[in-house]
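*Asks:*
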Amino acid sequence: MAIIECKNVCKNFGEKVALDHVSLEIPEGKIFGLLGPNGAGKTTLIRIINRITIPTDGEVWFNGRPITQADVEKIGYMPEERGLYRKMKVGDQAMYLAQLKGMSARDAQQALKEWFVRFGIQSWWDKKVEELSKGMAQKLQFITTVVHKPSLMILDEPFSGFDPVNAEIIRQEILRLKEEGATIILSTHNMESVEELCDDIALINKARLVITGGVEEIRRKYGNNNVELVWTDADGRHTEVLPRETDGASTLRTYLDKEGVQINSYKELMPRMNDIFIKLVTEGEE
Amino acid sequence: MNWRTTGIIISREYLNKVKKKSFIWTTLLVPILVAGLTIGLMAVMMNTKEKVKNIAVVDESGIVVPYMTDSETIHYQVLEGIPVDSVKVRLADMGFDGVLSIGALDEAEKTVPADLFSPKPFGMELVDNINARINRAVEDYRIASYNIEGLDQILKDVKANVRLHSYTISDSGEEKVSEAGVYSILSMVLGIFLFMFITLFGSMVMSSVIEEKSSRVVEVLVSSVKATELMFGKIIGIALVALTQFLLWIVLSVAIISIGGAAIGFDKLAGGNPTEMASTMGVDAEQLEAAAQAADEGGIATVLTTLTNLPWGQLIGLFLVYFIFGYLLYASMFAAIGSAVENEGDTQQLQLPLTIPLMLAYIIALYAFRAPDSSIAFWGSIIPFTSPIVMISRLPFGVPAWELILSIVLLIGTFVLLAWASAKIYKVGILMFGKKSTWKDLWKWFKQK
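Taken in order, these protein sequences are the chains called A and B. Numbered as in this note's numbering, the first sequence ends at 1482 without a single skipped number. Numbered as in this note's numbering, the second sequence ends at 430 without a single skipped number.
1. Could you give the C-beta distance for A/Asp1352 and A/Ser1383, rounded to a whole number, given that I count them as a contact under 8 Å?
2. How would you call A/Ile1397, buried or exposed, if buried means at least 16 neighbouring beta carbons within 10 angstroms?
3. Going by the beta-carbon positions, is the gap between A/Gly1279 and B/Ser196 smaller than 9 Å?
4. Listing by chain order, which chain B residues have their CB less than 7 Å from the CB of A/Gln1295?
5. When you check each C-beta in the region 1270 to 1299 of chain A against every C-beta of chain B, which residues fall closer than 9 Å?
6. In three-state terms, what does DSSP make of B/Phe366?
7. In angstroms with no decimal places, state the Cα-to-Cα distance between A/Val1477 and A/Gly1232.
8. Under the assumption that A/Lys1207 contacts A/Pro1251 (Cβ atoms under 8 Å), give the Cβ distance between them as a whole number of angstroms.
9. Going by DSSP in three states, A/Gly1444 sits in which element: helix, strand or coil?
10. Compute the Euclidean distance between the alpha carbons of B/Pro353 and B/Ile173, then round it to the nearest angstrom.
11. Can you list, in chain order, the residues of its chain with a C-beta nearer than 6 Å to that of B/Ile20? Leave out the 5 residues immediately preceding and following it.
12. Taking C-beta to C-beta, are A/Glu1277 and B/Glu(-6) nearer than 9 Å?
13. Once you ignore the five residues that flank A/Asn1460 on each side, which residues in its own chain have a CB closer than 8 Å to its CB?
14. Taking DSSP as the reference, what is the three-state secondary structure of A/Thr1408?
15. DSSP state of A/Asp1253, grouped into three classes?
16. Establish whether the CB of B/Arg(-7) and some CB of chain A are separated by less than 9 Å.
17. If we define contact as Cβ-Cβ less than 9 Å, is B/Asn290 a contact residue for chain A?
18. So is A/Glu1310 buried or exposed if we call it buried at 16+ other beta carbons inside 10 Å?
19. Determine, using beta-carbon pairs with one atom in the region 1347 to 1367 of chain A and one in the region 1291 to 1309 of chain A, whether at least three such pairs fall under 8 Å.
20. Report the option in A/Ile1407, A/Ile1244, A/Gly1377, A/Leu1371 whose CA atom is closest to the CA atom of A/Cys1394.
21. Which chain A residues sit within Cβ distance under 7 Å of B/Val198?
22. Mind checking B/Tyr127: buried by the 16 CB within 10 Å criterion, or exposed?
23. Quick one: Cα of A/Asn1422 to Cα of A/Ile1222, how far?
24. In terms of residue numbering, what span does the beta strand (DSSP E) encompassing B/Gly79 cover?
25. What residues from chain A crowd round B/Val206, counting only those whose CB sits closer than 8 Å?
26. Excluding the five sequence neighbours on either side, which residues of its own chain have a C-beta within less than 7 Å of the C-beta of B/Asn(-3), listed in chain order?
27. For a contact meaning CB atoms closer than 7 Å, what does A/Asn1246 contact in chain B?
28. So, helix, strand or coil for A/Phe1338, using DSSP?
29. Please give me, in chain order, every unbroken run of the beta strand (DSSP E) with length at least 3 that falls completely inside the region 1353 to 1395 of chain A.
30. Does B/Gln226 pass the burial test, meaning 16 or more other C-beta atoms within 10 Å, or should it be called exposed?
31. Comparing the C-beta of B/Val190 with each C-beta of chain A, is any distance below 9 Å?
32. Are B/Leu175 and B/Pro47 closer than 9 Å when you measure CB to CB?
33. Considering only residues of the same chain and omitting the five flanking positions on each side of B/Pro377, which have a CB-CB separation below 6 Å?
34. At a Cβ cut of 9 Å, what residues of the region 405 to 419 of chain B count as close to chain A, listed as they run along the chain?
35. Cβ of B/Tyr308 within 9 Å of Cβ of B/Phe213?
36. Roughly how many angstroms separate the alpha carbons of A/Asn1420 and A/Ile1339, rounded to a whole number?
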């Protein structure tokens, strides 16, 4: 079932068209990658789903019915342009944001303490936000995005500004939240993380939806259906690309039977998401 | 409007501002400053007496001398047998500030020539004092020349001491003691206060909007609450800060003035000493008794009576109405402007259309006490952008009910209209990053659906 359905969503800013009849479904319990070059309309679409902006035309449905203002309590949003009140204390700030999402003060306090323990940052509670480093502030932002247990999380460039250690922590948390049943919309330019994390994607370019579907499906579609075999013999390492239709088992067997040959890998050759992205976007230029 | 979340926004905005050091300091320091100035001014008024002047009197007529009795600030010394001209050239040596020369009595006209010589010009008070004494001497001389029997008694009987009292009459015919000076000062103070409050707290709203935008916290906020809730929560929160400060200022000022006033003997000033007052006014002893009563009602006493007779409930009520709606009107516009910029430095050009009417209102308000019913004051108090400040400064002089109602209705109507327009601009503006906005952009945002 789709948690979000965009039905012919259009958004104009004066003369400028930011979204042109975008229709897509975001399946529940999956990680959904929202891709596109800068200025394509991703942020506008995210803001429409969040009800920050009202679409010029079209509708957004949430859990099978038109979305309402009350539904925003079930959404957690970490925008790309994110920040915190610099002069506020960490704990007060987190409490404030959690309560705005509909939590009672008591629930918010309890849930926040748990998250602070999980991230090992209990000692920050009374610190001022301006004393935090950028990475620390990012952790706090992540917590405030997810503390109210939203069923849908929208993370816009969640890894930007994180060092590799913290990025990994966030990656693990995203997977854990998915495990617990949450849906995550991930908007990013980092194609590696798309391949790694996303189940489905949508690519938006110049206000239009270019493609949407499962990641594997799309990669297969844009691949040339080859497999790659790497083996080593007395002469060294060899790579051979074979058509997918080849009977894999018999091919492998021929190599295995050869004297002094060691198979290193045998895998389906999939195009990188990065290449698909560039291909689709540059095609749009022409 | 979701009141739960709006309430959370209001309380954060309020607590955040009230807990600030700058708020605590201004709340404490302003009343101390105001009270200090008031008490200081009173003390100065009580203690600045003109230095005693020594005046030599050369009287050839012989009728003036008995009237030249010393007053608080003038010491007369009668010189006999010394020609005026020789005194004139030796004034400083003889320790005189001036010499009064009364010529020989003109029997036919029943008058005396009188001249006053001094190296430095004298103040009005002293000249009037001397003049009054000479006139009295001549008048008494003339009356005496009629040789009326029992004259002293007659004079005592006819002595009049009429003092003009001003009253204001309400429609119901109720009369109240009034004093134009008190109204003028009150009018100015009210106008200045309202101007200060609107400017101060209006720009506080703007800074708060800019802070959320430049720290990039705003997008997270509007994903939880509607932009209009955020804007009005902020405006209401800061309005409560203003009211808190206002209340604390009044309480603290009154407390400090009454304690400080008691310490320096405020009551002495308020009561006044009739004898002292009378003598400086050049009134002779005979008049004192009659004057005493009048003096009690005059001066500071009249001020106090006028003050207590003012319709304070109405004044404070209307001050709050004009403050609240004037503030709301300007605060929503300030919020719209704040939404268009990312740092305070960029606001100047955008602010101009707001600061001009505010300054204009301030100038008209300062003019209002001189001509509270002039057409400029009238229109200034009707047009919503200037009406809060101008009307409040016209108020002490009395304003017809229809003008008040018209002005308040227009003010509220304009507020509603502009709040709606500002909210539209604000909604778009807070999410616009990286570009310096102009009024043209604001207009574009306003038209956006």
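Glycine included, C-beta positions come from ideal geometry on N, C-alpha and C. Since we're looking at a predicted model, the values are computed, not measured.
*Replies:* If we stick to the structure as given:
1. As a first step, residue 1352 of chain A is located in the first sequence; it is residue number 156 there, counting from the start. As a first step, residue 1383 of chain A is located in the first sequence; it is residue number 187 there, counting from the start. About 5 Å; that satisfies the 8 Å criterion.
2. Here the question's residue 1397 of chain A lines up with position 201 in the first sequence. So A/Ile1397 counts as buried.
3. Within the first sequence, the letter at position 83 stands for residue 1279 of chain A. Within the second sequence, the letter at position 215 stands for residue 196 of chain B. In contact: A/Gly1279 and B/Ser196 (Cβ atoms closer than 9 Å).
4. Counting from 1 along the first sequence, the entry for residue 1295 of chain A is found at position 99. Chain B residues near A/Gln1295: Ile(-11).
5. Ile1271, Gly1272, Tyr1273, Met1274, Pro1275, Glu1276, Glu1277, Arg1278, Gly1279, Leu1280, Tyr1281, Arg1282, Lys1283, Met1284, Asp1288, Gln1289, Tyr1292, Leu1293, Gln1295, Leu1296, Lys1297, Gly1298
6. For this step, residue 366 of chain B is matched to residue 385 along the second sequence. Three-state result, B/Phe366: coil.
7. By 1-based counting over the first sequence, the position of residue 1477 of chain A is 281. By 1-based counting over the first sequence, the position of residue 1232 of chain A is 36. The alpha-carbon atoms of A/Val1477 and A/Gly1232 are separated by roughly 8 Å.
8. As a position in the first sequence, residue 1207 of chain A is number 11, starting the count at 1. As a position in the first sequence, residue 1251 of chain A is number 55, starting the count at 1. The pair is a contact, with the Cβ atoms about 5 Å apart (cut-off 8 Å).
9. As a first step, residue 1444 of chain A is located in the first sequence; it is residue number 248 there, counting from the start. A/Gly1444: helix per DSSP, three-state reduction.
10. As a working note, residue 353 of chain B is residue 372 in the second sequence. As a working note, residue 173 of chain B is residue 192 in the second sequence. Straight-line Cα distance between these residues: approximately 16 Å.
11. Position 39 of the second sequence, counted from the first residue, corresponds to residue 20 of chain B. Once the five neighbours on either side are set aside, the close Cβ partners of B/Ile20 are Gly241.
12. As a first step, residue 1277 of chain A is located in the first sequence; it is residue number 81 there, counting from the start. As a first step, residue -6 of chain B is located in the second sequence; it is residue number 13 there, counting from the start. No. Outside cutoff.
13. The residue given as residue 1460 of chain A occupies position 264 in the first sequence. Counting only Cβ-Cβ distances below 8 Å, and skipping sequence neighbours, we find Val1426, Trp1427, Thr1428, Arg1433.
14. Here residue 1408 of chain A is taken as the residue at index 212 of the first sequence, counted from 1. Residue state, collapsed to three classes: strand.
15. Mapped onto the first sequence, residue 1253 of chain A falls at position 57. A/Asp1253: strand per DSSP, three-state reduction.
16. The residue given as residue -7 of chain B occupies position 12 in the second sequence. Cβ-Cβ to chain A under 9 Å: yes for B/Arg(-7).
17. Here the question's residue 290 of chain B lines up with position 309 in the second sequence. Closer than 9 Å: no.
18. Here the question's residue 1310 of chain A lines up with position 114 in the first sequence. That one is exposed.
19. no
20. Here residue 1394 of chain A corresponds to residue number 198 of the first sequence, with the count starting at 1. Taking only the C-alpha atoms, the option nearest A/Cys1394 is A/Leu1371.
21. Counting from one through the second sequence, the residue named residue 198 of chain B turns up at place 217. Ordered by position in chain A, the residues that pass the 7 Å Cβ test against B/Val198 are Gly1279, Leu1280, Tyr1281.
22. If you number the second sequence from 1, residue 127 of chain B lands on position 146. So B/Tyr127 counts as exposed.
23. For the purposes of this step, residue 1422 of chain A is taken as residue 226 along the first sequence, with counting starting at 1. For the purposes of this step, residue 1222 of chain A is taken as residue 26 along the first sequence, with counting starting at 1. Distance between the alpha carbons of A/Asn1422 and A/Ile1222 is about 30 Å.
24. For the purposes of this step, residue 79 of chain B is identified with residue 98 of the second sequence, where counting begins at 1. Residues 79 to 83.
25. Residue numbering aside, residue 206 of chain B sits at position 225 when the second sequence is read from its first letter. Leu1296, listed in chain order.
26. Walking along the second sequence from the start, residue -3 of chain B turns up at place 16. Around B/Asn(-3): no qualifying Cβ.
27. Residue mapping note: residue 1246 of chain A aligns to position 50 of the first sequence, counting from 1. Under the 7 Å cutoff, chain B gives Ser204.
28. For the purposes of this step, residue 1338 of chain A is taken as residue 142 along the first sequence, with counting starting at 1. Three-state result, A/Phe1338: helix.
29. 1379 to 1383
30. As a working note, residue 226 of chain B is residue 245 in the second sequence. Answer is buried; the Cβ neighbour count reaches 16.
31. The residue given as residue 190 of chain B occupies position 209 in the second sequence. No, B/Val190 lies away from the interface with chain A (no Cβ there is under 9 Å from its Cβ).
32. Counting from one through the second sequence, the residue named residue 175 of chain B turns up at place 194. Counting from one through the second sequence, the residue named residue 47 of chain B turns up at place 66. Their beta carbons are not under 9 Å apart, which means B/Leu175 does not touch B/Pro47 by this criterion.
33. Walking along the second sequence from the start, residue 377 of chain B turns up at place 396. If we look at B/Pro377 and ignore the five residues flanking it on each side, its Cβ neighbours are Tyr164, Leu167, Ser168.
34. Lys408, Val409, Leu412, Phe414
35. Position 327 of the second sequence holds residue 308 of chain B. Position 232 of the second sequence holds residue 213 of chain B. No. Outside cutoff.
36. For the purposes of this step, residue 1420 of chain A is taken as the residue at position 224 of the first sequence. For the purposes of this step, residue 1339 of chain A is taken as the residue at position 143 of the first sequence. Straight-line Cα distance between these residues: approximately 42 Å.
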